[in-house]
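These notes are about the structure you will find just below.
Protein chains: 2
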Amino acid sequence: MPTPASAPLAPSDRLLCGPGPTNVDPAALAAMDKPMLGHLDPEMFEILGEVVRMLRLVYRNPEGLVLPLQATGTTGMETGLVSLTEPGDTVIVGASGYFGRRIAEIARRARCTVVEVMEDWGKHVPNARLLEALDENPQAALLAVVHGETSTGSLHPLAELGAALADKPDTLLMADCVTTLGGSELDIHGWGIDYAYSCTQKCVGAPPGMSPISVSAAGMERFAARSTPVAFSFDFELLRKYWTERPGAYHHTAPILHIYALYEVLRETLVEGVAERCARHVAAGTRLQDRVRDAGLGLVAEPDHQLPQLSAVAVPDGVDASAVQRELLEKHGIEVGGGLPGAPQMWRIGLMGPNATTATADRVFDALMAVLETKGAPVSA
Amino acid sequence: MPTPASAPLAPSDRLLCGPGPTNVDPAALAAMDKPMLGHLDPEMFEILGEVVRMLRLVYRNPEGLVLPLQATGTTGMETGLVSLTEPGDTVIVGASGYFGRRIAEIARRARCTVVEVMEDWGKHVPNARLLEALDENPQAALLAVVHGETSTGSLHPLAELGAALADKPDTLLMADCVTTLGGSELDIHGWGIDYAYSCTQKCVGAPPGMSPISVSAAGMERFAARSTPVAFSFDFELLRKYWTERPGAYHHTAPILHIYALYEVLRETLVEGVAERCARHVAAGTRLQDRVRDAGLGLVAEPDHQLPQLSAVAVPDGVDASAVQRELLEKHGIEVGGGLPGAPQMWRIGLMGPNATTATADRVFDALMAVLETKGAPVSA
């Protein structure tokens, strides 16, 4: 009888320049080869403490709760929504892309009344429109926006929104930082963000597997005052105890090797400097975007609100977007993303984490041009 | 100014013989060093398919939904409870340890009416008592038991329970297989288990990070007929599409390297043979348990319901349990677990995955004896 086991894994080499995951920082890979501790080991507790300390520096939030959930970015989103609202609450959502719409969908599943402030794909949602919605719904428990809209490459003016909401303490501010943590300036405490969530596989440069979150002191007060229970798995108070109070606080088994990886990329980020790391992402993204425009191609996002690390390139008329992606992958070993369901035709090119370099920008752009030329696309490389 | 970065990671070497995590199978570690694919790469989709196929063979469930959640074992527990019940439903829970009690707590958070069938720590919950509870609550939507109670080392007679419930199709059967998948015989379909969940860091031998689940066809029908929404993150139907239907089904970014690790340990399990792997766990556990009894020490679980891979050793009177654990860790580099909150004093010794060998059983037992002798404990090594 043949063995029912599959063949040994033999994945191909890829330069991952889609919307995420990005290639993993070598320091993170090396970390996962280090001896694995038990999750209740005193040494592990030290490591958890350092991860929290470093993550606070990267998010710039000294208060409330900061830690990585063992979760996808979407679960980070969902955890914030269900933890900081109760059924029947009003939630205002700014949505001009796939992930803004996802926030609205999840808020509806959480039985909230959702006020969606929508804009077309690629646009940002003007803060004035969000504030107008809040004037009309002053009872709103939460206002949520996407800092970096991964589906279009649009960057929200988050600092300004935070400032405008400073005198509205009853409406918490939630921001999707999935594509911005580690790549764009963030000042979570200074900007008054009550809940931020991210992932590890984009600008942070670790493998996918965790969702770093930040909850303000006001967010923790809101959580403590809940009248309805939340899921045990993502209970902020149980997580806080597990991560920061030992011995004796058992909640789950932490994903130890992934935490090692996160530890090392946070360390590298602080050694490089958060501002310097963001500048590197800006330099790489700007290089790519300049070359895209010079070639006569369009970008989906507005120029004034373009996320550096994610470029959504509009597909020229008559070009088969998936065929281009496939050829990039098969002939050049380069992954770029396509548009998400409902979005206009686009290629999404990410330059994140270790791939945020002008050299990588050039490599992926040159390959795209080479493929487009074989397709007879009207570009001037 | 000193850099705010932490020192490079330098975890100590440990032989992990607690209740989990166990040391990682070298094949899993090697897998995580292979080139990382994007989660939507056609090659990755093949890998997801193979993981599902192999996991079905290990769980022995050809129907319904089988896949690993990006989640802790506890989230696997919670996902089953919230997905297969609706608020107000009755759930019968067999609880004779920490994890049975946790099922009851989570079911209460899910606003179910919980009927707890309790037994003392270390006892199993007799099937007759569970069936009696069902006779009294024939409307119960779900009956949940812990196959291997990680807090005491007690093994539930699950096959017999499944057979007894065969004529009660309206009450789904849920089993905690966190400590049994890959180490104890499981016939999820044959036994009529509607929902099983596990983890990857115990007998499976991968790092912590995922929760393999199995849902029967009846479970999926129950899910499809729900009248209340579930969390987006763990929606069985969305997960099914993401794992098994491409292209176009986006849901989250899968933890790619962890899936590589799981792929390789599932592969190794099938190459070794599931029955042979279980026999190896039995041989290792039996060796340890025989030596424990020969030394005049007690085991917390009943002899007829002793889980081979997890031995809960009763702490002799007058011995400081934590001091022994600490000395094992610091002087011998061996981790064993203590009792969980509320449990009697015990050491929990796991021989799981790559550590399920008689040689490891001897090594950990000899070290425990050496430490106990220095503490003047009344043992005959």
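So the sequence lines, in the order shown, correspond to chains A and B.
With the working numbering as the guide, the letters of the first sequence map in order to residues 996 to 1376.
With the working numbering as the guide, the letters of the second sequence map in order to residues 996 to 1376.
All C-beta atoms, glycine included, are put in the ideal place defined by N, C-alpha and C.
Need the endpoints of the alpha helix (DSSP H) that residue i sits in, please.
i: Val1047 (chain B); result: Pro1037 to Tyr1054
i: Glu1322 (chain A); result: Ala1316 to His1327
i: Thr1074 (chain B); result: Gly1068 to Leu1079
i: Leu1024 (chain A); result: Pro1021 to Ala1026
i: Asp1285 (chain B); result: Val1269 to Asp1289
i: Tyr1093 (chain B); result: Tyr1093 to Arg1104
i: Leu1004 (chain A); result: Where Leu1004 (chain A) is concerned, there is no enclosing alpha helix (DSSP H), given that its DSSP letter is neither H nor E.
i: Ala1159 (chain B); result: Leu1153 to Ala1159
i: Leu1125 (chain B); result: Asn1122 to Glu1131
Can residue i and residue j be called in contact, C-beta distance under 8 Å?
i: His1276 (chain B); j: Leu1346 (chain B); result: yes
i: Gly1117 (chain A); j: Ala1290 (chain A); result: no
i: Arg1235 (chain B); j: Leu1060 (chain B); result: yes
i: Val1141 (chain A); j: Asp1171 (chain A); result: yes
i: Gly1033 (chain B); j: Met1027 (chain B); result: no
i: Ser1007 (chain B); j: Gly1328 (chain B); result: yes
i: Ala1159 (chain B); j: Asn1122 (chain B); result: yes
i: Glu1155 (chain A); j: Phe1094 (chain A); result: no
i: Ala1201 (chain A); j: Val1260 (chain A); result: yes
i: Leu1150 (chain B); j: Leu1367 (chain B); result: no
i: Ala1139 (chain B); j: Val1088 (chain B); result: yes
i: Leu1176 (chain B); j: Arg1055 (chain B); result: no
i: Ala1066 (chain A); j: Val1086 (chain A); result: no
i: Ile1254 (chain B); j: Val1046 (chain B); result: yes
Note down, in chain order, every chain B residue with its Cβ under 7 Å from the Cβ of residue i.
i: Gln1196 (chain A); result: Thr1248
i: His1253 (chain A); result: Gly1204
Between the C-alpha atoms of residue i and residue j, what's the straight-line distance to the nearest angstrom?
i: Leu1057 (chain A); j: Thr1195 (chain A); result: Leu is not the amino acid found at residue 1057 (chain A); the sequence shown has Pro there. Cα to Cα, the separation comes out at about 20 Å.
i: Ser1206 (chain A); j: His1247 (chain B); result: 12 Å
i: Leu1024 (chain A); j: Arg1009 (chain B); result: 20 Å
i: Ile1183 (chain A); j: Leu1137 (chain A); result: 16 Å
i: Ala1365 (chain B); j: Pro1014 (chain B); result: 21 Å
i: Arg1282 (chain B); j: Thr1069 (chain A); result: 45 Å
i: Ala1212 (chain B); j: Asp1165 (chain B); result: 13 Å
i: Pro1349 (chain A); j: Leu1043 (chain A); result: 24 Å
i: Leu1125 (chain B); j: Arg1343 (chain A); result: 55 Å
i: Ser1209 (chain A); j: Glu1240 (chain B); result: 34 Å
i: Asp1130 (chain B); j: His1119 (chain B); result: 20 Å
i: Gly1337 (chain A); j: Asp1115 (chain A); result: 11 Å
i: Met996 (chain A); j: Leu1052 (chain B); result: Here Met996 (chain A) scores only 45 on pLDDT, less than 50, and its place in the model should not be relied on; the value that follows carries that caveat. The alpha-carbon atoms of Met996 (chain A) and Leu1052 (chain B) are separated by roughly 15 Å.
i: Cys1273 (chain B); j: Gly1083 (chain A); result: 50 Å
i: Pro1339 (chain A); j: Leu1305 (chain B); result: 55 Å
i: Thr1352 (chain A); j: Leu1168 (chain B); result: 53 Å
i: Ala1278 (chain A); j: Pro1021 (chain A); result: 21 Å
i: Glu1325 (chain B); j: Asp1036 (chain A); result: 11 Å
i: Arg1321 (chain A); j: Val1173 (chain B); result: 40 Å
Give me the chain A residues within the contact set of residue i, using Cβ-Cβ distance strictly less than 7 Å, ordered along the chain.
i: Glu1073 (chain B); result: Ala1226, Phe1227 and Ser1228
Would you kindly report the start and end of the unbroken beta strand (DSSP E) that includes residue i?
i: Pro1207 (chain B); result: Ser1206 to Val1210
i: Val1086 (chain A); result: Thr1085 to Ala1090
i: Val1141 (chain A); result: Leu1137 to Val1141
i: Gly1345 (chain B); result: Met1341 to Gly1345
i: Tyr1192 (chain A); result: Tyr1190 to Tyr1192
i: Asp1230 (chain B); result: It is not in any beta strand (DSSP E) - Asp1230 (chain B) carries neither H nor E in the DSSP assignment.
i: Asp1171 (chain A); result: Leu1167 to Asp1171
i: Leu1363 (chain A); result: Leu1363 (chain A) -> not in any beta strand (DSSP E); alpha helix (DSSP H) instead, spanning Thr1353 to Thr1369.
Below 9 Å on C-beta distance, what does residue i contact in chain B?
i: Met1347 (chain A); result: Those within 9 Å of Met1347 (chain A) in chain B number zero; the least Cβ separation is about 12 Å.
i: Ser1007 (chain A); result: Pro1030, Leu1032, Asp1036 and Glu1038
i: Asn1018 (chain A); result: Pro1030 and Met1031
Mind reading off the beta-carbon distance from residue i to residue j? Whole number of angstroms is fine, and I expect it under 8 Å.
i: Ser1146 (chain A); j: Gly1092 (chain A); result: 4 Å
i: Ala1090 (chain A); j: Met1113 (chain A); result: 5 Å
i: Met1381 (chain B); j: Ala1000 (chain A); result: No information on residue 1381 (chain B) is available, as it lies outside the stretch 996 to 1376 that chain B covers here.
i: Val1019 (chain A); j: Met1341 (chain B); result: No, Val1019 (chain A) and Met1341 (chain B) are not in contact; Cβ-Cβ is about 40 Å, not under 8 Å.
i: Ala1307 (chain B); j: Gly1148 (chain B); result: 4 Å
i: Leu1011 (chain B); j: Trp1238 (chain B); result: Contact doesn't hold; Cβ gap of about 30 Å is too wide.
i: Leu1079 (chain A); j: Gly1214 (chain A); result: 6 Å
i: Gly1204 (chain B); j: Pro1250 (chain A); result: 4 Å
Quick one: list the residues of chain B neighbouring residue i, beta-carbon separation under 8 Å, in chain order.
i: Leu1153 (chain A); result: Chain B residues near Leu1153 (chain A): none, gap ~23 Å exceeds 8 Å.
i: Arg1104 (chain A); result: Pro1224, Val1225, Ala1226 and Phe1227
Please list, in chain order, the chain C residues whose beta carbon lies closer than 9 Å to that of residue i.
i: Ile1344 (chain A); result: The question asks about chain C, but that chain is absent: this structure's protein chains are A and B.
List, in chain order, every chain A residue whose beta-carbon is nearer than 9 Å to that of residue i.
i: Gly1177 (chain B); result: What Gly1177 (chain B) touches in chain A: nothing, since even the nearest Cβ is about 14 Å away.
i: Thr1067 (chain B); result: Gln1065, Ser1228, His1246, His1247, Thr1248, Ala1249 and Pro1250
i: Ile1101 (chain B); result: Ala1226, Phe1227 and Ser1228
Which chain A residues sit within Cβ distance under 8 Å of residue i?
i: Gly1013 (chain B); result: Gly1033 and Leu1035
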